[in-house]
Amino acid sequence: YSGTVQADGSWSVSVPTADLSNLTASQYTVSASVSDKAGNPASATHGLAVDLTVPVLTINTVSGDDIIHAAEHGQALVISGSSTGGEAGDVITVTLNSKTYTTTLDASGNWSVGIPLSDVTAPGSGPHTITAAITDAAGNSDDASRTVTVNLTAPTIGINTIASDDVINATEKGANLQITGTSNQPAGTTITVTLNGQNYTATTDASGNWSAMVPASAISALGEANYTVTANVTDTAGNSNSASHNVLVNSALPAVTINAVATDDIINAAEAGNTQTISGQVTGAAQGDTVTVTLGGNTYTATVQANLSWSVSVSAADIQALGNGDLRINASVTNGVGNVGSGSRDITIDANLPGLRVDTVAGDDIINAIEHGQALVVSGISTGAEPGDVVTVTLNGKNYTTTLDASGNWSVGIPAADVTALATGSQTITASLSDRAGNSDSTTHNVTVDLSGSTLTISIVSGDDIINNAEKTQDLTISGGSSGLATGTTVTVMLNGLAYSATTADASGNWSVTVPASRVSALGEATYTVTAAATDSDGNSGSASHNVQVNTALPGVTINVVATDDIINAAEAGADQTISGQVTVDLSAG
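Residues in the sequence shown are numbered from 1 upward in steps of one, following full-length UniProt numbering.
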């Protein structure tokens with residue numbers, strides 16, 4: 001290519017595009033020569049590099065998921081990527097939210113740039129575009145972009161009231177505890193619940209509800225204190241939120257104390273003619289709680305005052321009806337969290353009143369199902385009478401007599417048959433006294449007959465109360481029903497001297513036991529009595545019996561001769577024929 005030297009000594013030539021496009025090597029030498037008018041030559045050379053490779057730029061995923069959540073929005077951010085076709089040291093320019101940051105490629109073609117905390121917190125919620133551009137030393141360039149989303153919305157979560165009142169009482173402390181709540185996250189989202197340093201997991205349902213079960217063993221380990229329950233949830237963007245809820249463990253039973261009655265726990269004659277106050281204090285209860293007081297079969301109620309005191313009034317008529325002797329006052333209180341406490345105090349009525357007193361009968365003036373089948377002792381005391389004076393006790397229309405001892409005490413036995421004859425409900429015991437001088441007095445005392453105990457039934461065994469040859473080689477199920485038994489009450493079944501009690505009454509009162517085949521096969525050919533027995537939580541018992549027969553003898557069958565000779569001839573073939581025989585069966589006793 002040729003050119004002309006200008007007056008200032010400069011020169012230039014034009015190289016056609018077609019010639020440039022034919023360049024294939026990366027390095028070339030450009031040479032130039034010139035001769036002056038005198039013919040003197042001169043020359044020079046210059047190196048030329050040809051770089052036609054356009055770099056390709058990529059931006060890596062930002063923050064692991066191209067989402068900047070609330071926690072990441074408060075931190076510095078690293079944006080990175082790579083390039084092919086570039087050279088180490090090529091400059092990368094990154095733009096985010098109208099701010100520009102520069103870095104260079106490393107020897108492996110990777111690059112990264114740090115976005116300061118202040119610049120990360122500036123973009124608001126929503127999508128944002130990151131752009132990156134590169135220009136190499138030859139002037140070749142490329143750019144790339146990537147969209148990231150700023151999501152600063154935290155999920156919502158709440159914890160419902162725990163144990164119905166945010167208090168775990170003594171009863172609840174021995175059971176599993178359900179902690180429930182709600183969240184706005186989709187079904188299947190994991191909720192982490194923390195109580196006393198232990199984590200429990202739950203998942204949301206389609207409505208956002210969740211429930212975590214804390215086992216009884218963990219609840220029983222809690223001390224008497226306030227505990228903070230926390231629940232944490234993290235959404236798909238990585239935003240987390242938590243809720244906290246306080247629950248109080250209060251399993252301490254309240255206590256009831258009863259003050260001295262009539263100043264010395266002895267009610268004399270003058271005091272017996274006036275209304276007496278029974279009072280006391282409570283601890284572990286609060287103003288407004290109810291105290292229940294029982295004395296001599298009568299019940300009185302009081303309300304706890306602001307200073308935790310309580311009192312009830314017992315009329316003179318009630319006191320005089322008790323007669324002379326020793327009595328026990330019982331008082332109980334249920335506090336606001338459902339814990340029950342009780343206390344008692346013994347007093348004496350010594351009014352020297354002529355007459356009789358009947359002591360508490362059967363320990364509580366209640367004759368239950370067990371006591372209803374036993375002999376009963378009715379006792380009491382008399383003042384103003386002499387040893388040997390006759391006391392007549394009347395119950396259910398029958399009279400029983402006894403005499404006073406040297407201390408004025410008396411007792412009489414009611415035979416079991418007479419006790420069993422007592423009907424359910426209230427029964428009145430009347431005691432009357434006639435002394436040697438012909439003076440008399442009487443008193444009454446009410447008792448309650450409560451036979452609401454348990455009953456048991458045994459269902460038909462093996463479908464027909466017979467264990468046949470096939471059934472004798474199998475496990476045997478004995479089942480039945482009950483009433484008055486709490487769920488979980490043990491039913492004991494006896495067969496052939498062996499007890500089975502692995503099963504208990506269910507919520508419907510049903511029960512069943514399985515007798516292993518090895519024990520069934522050991523039964524002989526006989527009739528056996530199956531018994532079932534249970535005792536409920538009130539001490540009332542129920543029982544039942546049922547007979548089952550073991551009969552495994554196989555019946556026999558014989559067939560008589562057919563047509564007299566077991567040959568059916570032509571004539572016999574034209575007529576109806578009778579096939580007959582005999583069967584033998586075991587008709588043993590039963």
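Yeah, the Cβ is synthetic: ideal placement off N, Cα and C, and Gly gets one too. Just so you know, these numbers come straight off a predicted model, no measurement behind them.
Item: Just confirm the distance between the C-beta atoms of G284 and N339, as a whole number of angstroms; I'd bet it's less than 8 Å.; Value: 7 Å
Item: Quick check on V461: does DSSP put it in helix, strand or coil?; Value: helix
Item: Got a sec? Which residues, its chain only, sit under 8 Å from Q577 by beta carbon, not counting five neighbours each side?; Value: V562, A563, I568
Item: Should V493 be labelled buried (16 or more other beta-carbon atoms within 10 Å of its own) or exposed?; Value: buried
Item: Does V561 come within less than 7 Å of chain D when only Cβ atoms are used?; Value: Included in the structure is just one protein chain, with no chain D present.
Item: Which residues in the same chain as residue 591 place their Cβ atom closer than 8 Å to its Cβ, once the five residues preceding and following it in sequence are excluded?; Value: The requested residue 591 does not occur in the structure, where the chain is confined to residues 1 to 590.
Item: Taking the alpha-carbon positions, what's the A416 to G373 distance?; Value: 6 Å
Item: Could you give the residue range of the beta strand (DSSP E) that holds T402?; Value: 398-403
Item: For the candidate residues A70, D465, T234, Q27, whose alpha-carbon lies nearest to that of G126?; Value: A70
Item: For the stretch 311-321 against the stretch 384-404, do three or more pairs of beta-carbon atoms, one drawn from each stretch, fall closer than 8 Å, so that the two count as touching?; Value: no
Item: Whose C-beta lies closer than 8 Å to the C-beta of T58 among residues of the same chain, with five residues either side of it excluded?; Value: G81, S82, S83, A144
Item: Tell me the rounded alpha-carbon separation between W111 and G74.; Value: 23 Å
Item: Could you please give the first and the last residue of the uninterrupted beta strand (DSSP E) stretch that includes V5?; Value: Counting along the chain, V5 falls outside any beta strand (DSSP E), and DSSP gives it neither H nor E.
Item: Using CA atoms only, rank isn't needed, just tell me which of T299, L456, T558, S211 is closest to A532.; Value: L456
Item: In angstroms with no decimal places, state the Cα-to-Cα distance between A32 and D51.; Value: 22 Å
Item: With a CB to CB cut of under 7 Å and the five nearest residues on each side skipped, what residues in its chain are close to V557?; Value: G581, V583
Item: Can you check whether the CB of S313 is closer than 7 Å to the CB of V233?; Value: no
Item: Measuring CA to CA, which of T420, L322, T348, S309 is closest to A331?; Value: S309
Item: Do you know offhand how far G343's Cα is from Q276's?; Value: 19 Å
Item: So, does the stretch 208-218 touch the stretch 185-195, judging by three or more C-beta pairs under 8 Å?; Value: yes
Item: CB-CB under 6 Å to V30, same chain, minus the five flanking residues each way: which ones, in chain order?; Value: H46, L48
Item: Take L353 and list the residues in its own chain whose beta-carbon comes closer than 8 Å to its own, dropping the five residues that flank it on each side.; Value: Caution applies to L353, whose pLDDT of 49 falls short of 50 and renders its modelled position unreliable; the value that the coordinates give is listed next. Counting only Cβ-Cβ distances below 8 Å, and skipping sequence neighbours, we find A269, A272, Q320, G323, N324, T383, G384.
Item: Under the DSSP definition of a beta bridge, which residues are partnered with K37?; Value: Answer by DSSP bridge pairing: none, since K37 is not bridged.
Item: Going by the DSSP bridge assignment, what does T345 pair with across the sheet?; Value: Contrary to the premise, residue 345 reads as Arg rather than Thr in this sequence. I329.
Item: Specify, as a first and last residue, the run of the alpha helix (DSSP H) that D318 falls within.; Value: 316-322
Item: Tell me the rounded alpha-carbon separation between D565 and I579.; Value: 12 Å
Item: Let me know the beta strand (DSSP E) ranges lying completely inside the stretch 358-421, each 3 residues or longer, listed in chain order.; Value: 376-383, 390-395, 398-403, 409-414
Item: Assuming A76 contacts I115 (C-beta within less than 8 Å), just tell me the rounded distance between them.; Value: 6 Å
Item: Where V105 and S63 are concerned, what is the direct C-alpha to C-alpha distance, given to the nearest angstrom?; Value: Correcting the residue type first, residue 105 is Leu in the shown sequence and not Val. Distance between the alpha carbons of L105 and S63: 21 Å.
Item: Please classify G288: does DSSP put it in a helix, a strand, or coil?; Value: coil
Item: Can you list, in chain order, the residues of its chain with a C-beta nearer than 6 Å to that of T24? Leave out the 5 residues immediately preceding and following it.; Value: none
Item: To the nearest angstrom, how far is it from the Cα of T401 to the Cα of T420?; Value: 19 Å
Item: How would you call I559, buried or exposed, if buried means at least 16 neighbouring beta carbons within 10 angstroms?; Value: exposed
Item: What are the uninterrupted segments assigned as alpha helix (DSSP H) that are 4 or more residues long and contained completely in the stretch 463-535, given in chain order?; Value: 517-520
Item: Here's the rule: buried if 16 or more other CB atoms are within 10 angstroms of the residue's CB, otherwise exposed. What is E224?; Value: exposed
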